[in-house]
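Residue numbers for the sequence shown, in this note's numbering: 9 to 197.
Heads up, the beta-carbon is just placed ideally off N, CA and C, and yes, glycines get one too.
Down below is the structure, laid out as structure tokens.
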Amino acid sequence: MPQKGYVNKIINEQLYDEDIFAILRAADEIIARGGRTLLAKILKGSREKKVLELGLNDCPSYGYYKLFSLEQIVNKIDWMIYNDFLEIQFSGKLPMIVFTERGWSIERARMAEELLQEWDAWLAQGKSDIDMSYLKDRNRGMILMFLDKIKQTGNLKYIQLLRLWEKIEYKKVKQEIRDTVCQLERSLH
Numbered sequence: 009m010p011q012k013g014y015v016n017k018i019i020n021e022q023l024y025d026e027d028i029f030a031i032l033r034a035a036d037e038i039i040a041r042g043g044r045t046l047l048a049k050i051l052k053g054s055r056e057k058k059v060l061e062l063g064l065n066d067c068p069s070y071g072y073y074k075l076f077s078l079e080q081i082v083n084k085i086d087w088m089i090y091n092d093f094l095e096i097q098f099s100g101k102l103p104m105i106v107f108t109e110r111g112w113s114i115e116r117a118r119m120a121e122e123l124l125q126e127w128d129a130w131l132a133q134g135k136s137d138i139d140m141s142y143l144k145d146r147n148r149g150m151i152l153m154f155l156d157k158i159k160q161t162g163n164l165k166y167i168q169l170l171r172l173w174e175k176i177e178y179k180k181v182k183q184e185i186r187d188t189v190c191q192l193e194r195s196l197h
């Protein structure tokens, strides 16, 4: 259940979809590992040592709100909490940002789309020696959504990457990858 009482105030503004997506993307980097302040620093584009040490400057949403103050950014994060995209859960006494079901359903779909775009870019560049271990141990729901997106394309170009990925995956996901390859091959006939 969201800890709405933790939010400083109700924000009288509406965030645009792009803002919601950017905040969710930045939050994904620190889910259950950081709080509102760290999330605000990512969105601000902070060069603080902790942000850089954790590699959070590589996040696509890093610096999204560079022209805003930290207080203004925290207000936007509070709006996200109040409107049930994010919530605060405590780890001991430390408040940590986590997705609500609503927030995760949006971020899961965006991540699956981001993965598909990444594969498209690699294939356009002719890359074929990709280390697919980056996909291992990812959220299964997001991975299944990614595989569904590949199936929906009906495009055989993904088969080479799927076969690379299949080699390193666990049994259940490996079977889903095989099913995706089979469906793509069937779409040929």
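query                                                                                                        : result
Ser113 in three-state terms, based on DSSP                                                                   : helix
Asn98 (DSSP reduced to helix, strand or coil)                                                                : The amino acid occupying residue 98 in the given sequence is Phe; Asn does not appear at that position. Looking at Phe98 - three-state DSSP - the assignment turns out to be strand.
Cβ contact check for the segment 38 to 56 and the segment 65 to 74: 3 or more pairs under 8 Å                : yes
C-beta atoms of Thr188 and Lys144 nearer than 7 Å                                                            : no
Met9 classed as buried or exposed, judged by whether at least 16 other C-beta atoms fall within 10 angstroms : Confidence is the limiting factor: at Met9 the pLDDT is only 37, short of 50, which leaves the residue's position unreliable and the question unanswerable from this model.
Buried or exposed by the 16-neighbour rule on C-beta atoms within 10 Å, applied to Arg194                    : exposed
Cβ-based neighbour list, Lys74, same chain, cut-off 8 Å, excluding 5 preceding and 5 following               : Lys52 and Gly53
DSSP state of Ile105 mapped onto helix, strand, coil                                                         : strand
Residue interval of the alpha helix (DSSP H) (run including Glu193)                                          : Lys179 to Arg194
Rounded separation between Ser166 and Ala35 - CA only                                                        : The amino acid at residue 166 is misidentified as Ser; the sequence shows Tyr. Computed Cα separation, rounded: 29 Å.
Cβ pair Met150, Ala120 closer than 7 Å                                                                       : yes
Given 8 Å, three or more beta-carbon pairs between the segment 124 to 136 and the segment 81 to 96           : no
Segment limits, alpha helix (DSSP H) that includes Gly149                                                    : Arg148 to Thr161
Helix, strand or coil at Tyr24 [DSSP, three-state]                                                           : coil
Rounded distance between the beta-carbons of Gly162 and Leu192, thought under 8 Å                            : 7 Å
Buried versus exposed, by CB contacts within 10 Å (16 or more), Tyr178                                       : exposed
Cβ distance (whole Å) where Ala30 is taken to contact Ser69 below 8 Å                                        : 4 Å
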